[in-house]
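Comments concern the structure below.
Numbering (mature numbering (1 follows the signal peptide of the UniProt record, and there is no 0)), first residue to last: -20 to -1, 1 to 243.
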């Protein structure tokens, strides 16, 4: 029995290591694909295109100062991109490196919908892969939306290496290193481990992804102030639903989702 016990422990350790590696590959791959898509979209915007941004400062005459900033890297444009960028993950496939046995994710469809010129031999393309990659992408966006907007608001070199860094210490992924890098390789695991974050994700998807940041901020506030998250959501969600209902009624739609907070 002792021999079987040691074998079970060894097998468990090996399976745990393999699972961690697969998970790390997935979230690093989702991050790198996300960066590729954002950079491509930003590059498609006319550099001369600008957007007016208001200032919080009030002039002596009571008016607000308005400045024009490049549209491509404006907060408005980046926020809009992040709302739909993860849908692009359906255009990616999974490839396993024959030497390292690590998973990579590559675009298999051209930007304009045409077939990619990439040799597709050895690349898996199916709904399970694209769905899993999309979920990982959405987890990254939901958790790091503010950081992503701040990072892409200015040009930088080697964005994927700087943003999608993987740093481990004793097998535990860390969110940021001392230089402030984001490590998104374990974000989905943290979401799955936290019932509160799972509830937030469900609520955000029901109310619309534009409200995800608001819900995450509510969670952070609850954590910092020891406030009951259930009470915060019970107060926040009806207000959001009322706002959405008013908007939809004005546009001829009255269907509004329902959500029950039960923790």
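Where is the CB? At the ideal position from N, CA and C, for every residue including glycine.
All values derive from a computational prediction rather than experimental measurement.
| message | Suppose contacts are defined by Cβ-Cβ distances below 8 Å. Is residue 71 in contact with residue 85 by that definition? | response | Cβ distance not < 8 Å, so residue 71 and residue 85 don't count as in contact.
| request: Look at the Cβ atom of residue 113, then the Cβ atom of residue 121, and state whether they are nearer than 8 Å. | output: Result no, Cβ atoms of residue 113 and residue 121 do not sit closer than 8 Å.
| said: Please report the straight-line C-alpha distance between residue -9 and residue 137, rounded to a whole angstrom. | reply: With a pLDDT of 39 at residue -9, under the threshold of 50, the modelled position of that residue is not reliable, and the figure given next carries that caveat. Across the structure, residue -9 and residue 137 are spaced so that their CA atoms are roughly 41 Å apart.
| What are the boundary residues of the alpha helix (DSSP H) that residue 308 is part of? | Residue coverage of the chain in this structure runs from -20 to 243, which leaves residue 308 outside it and unanswerable.
| query | Whose C-beta lies closer than 6 Å to the C-beta of residue 69 among residues of the same chain, with five residues either side of it excluded? | reply | Within the same chain, residue 69 has close Cβ partners 110, 113, 114, 117.
| Would residue 76 pass as a contact of residue 51 if the rule is Cβ separation under 8 Å? | The answer is no: Cβ separation not under 8 Å.
| Contacting residues, own chain, Cβ-Cβ under 6 Å from residue 54 (five flanking each side not counted) | Excluding its 5 nearest sequence neighbours in each direction, residue 54 has C-beta neighbours in its own chain below 6 Å: 31, listed in chain order.
| Rounded separation between residue 5 and residue 88 - CA only | Approximately 18 Å between the Cα atoms of the pair.
| query | What residue range is occupied by the uninterrupted beta strand (DSSP E) comprising residue 51? | reply | Here residue 51 belongs to no beta strand (DSSP E), and DSSP marks it neither H nor E.
| said: In the DSSP assignment, the alpha helix (DSSP H) including residue 83 goes from what residue to what residue? | reply: For residue 83, no alpha helix (DSSP H) run applies; the uninterrupted beta strand (DSSP E) run containing it begins and ends at 83 to 87, by DSSP.
| request: With DSSP as the reference, please indicate the residues paired to residue 104 in a beta bridge. | output: 74, per the DSSP bridge assignment.
| Which residues bound the alpha helix (DSSP H) around residue 142? | Following the DSSP letters along the chain, one finds residue 142 inside the alpha helix (DSSP H) bounded by residues 139 to 143.
| said: Between the alpha carbons of residue 20 and residue 124, how many angstroms are there, rounded? | reply: Whole-angstrom Cα-Cα distance: 20 Å.
| task | Taking only the alpha-carbon atoms, compute the straight-line gap between residue 18 and residue 103 and give it to the nearest angstrom. | result | Cα to Cα, residue 18 sits roughly 23 Å from residue 103.
| Under a Cβ-count criterion, where at least 16 other Cβ atoms within 10 Å of its own Cβ denotes burial, should residue 134 be classed as buried or exposed? | Residue 134 is exposed by the Cβ-count criterion.
| Per DSSP, what kind of secondary structure is residue 45 in: helix, strand or coil? | Reduced to three states, the DSSP call for residue 45 is strand.
| Same chain only: Cβ atoms within 7 Å of residue 143, ignoring 5 sequence neighbours per side | For residue 143, same chain residues with a beta-carbon under 7 Å away, outside a window of 5 residues either side, are 11, 15, 131, 162 in chain order.
| said: In this structure, how does DSSP classify residue 30 when only helix, strand and coil are distinguished? | reply: Strand at residue 30.
| Identified DSSP bridge partners for residue 38 | In the DSSP output, where bridge partners are listed per residue, residue 38 has 44.
| Straight-line CA distance for residue 62 to residue 7? | Taking the straight line from one Cα to the other gives about 17 Å.
| If you draw a straight line from the C-alpha of residue 42 to the C-alpha of residue 9, how long is it? | Each residue's alpha carbon lies about 50 Å from the other.
| request: Can you tell me which of the three DSSP states residue 60 falls into? | output: Here residue 60 sits in helix by DSSP.
| field | Rounded separation between residue 28 and residue 90 - CA only | value | Between residue 28 and residue 90, the C-alpha separation is close to 26 Å.
| field | Straight-line gap, residue 81 to residue 107 (C-alpha atoms, nearest Å) | value | Cα to Cα, residue 81 sits roughly 22 Å from residue 107.
| query | Which residue from 40, 46, 57 puts its Cα closest to that of residue 24? | reply | Cα-wise, what sits closest to residue 24 is 57.
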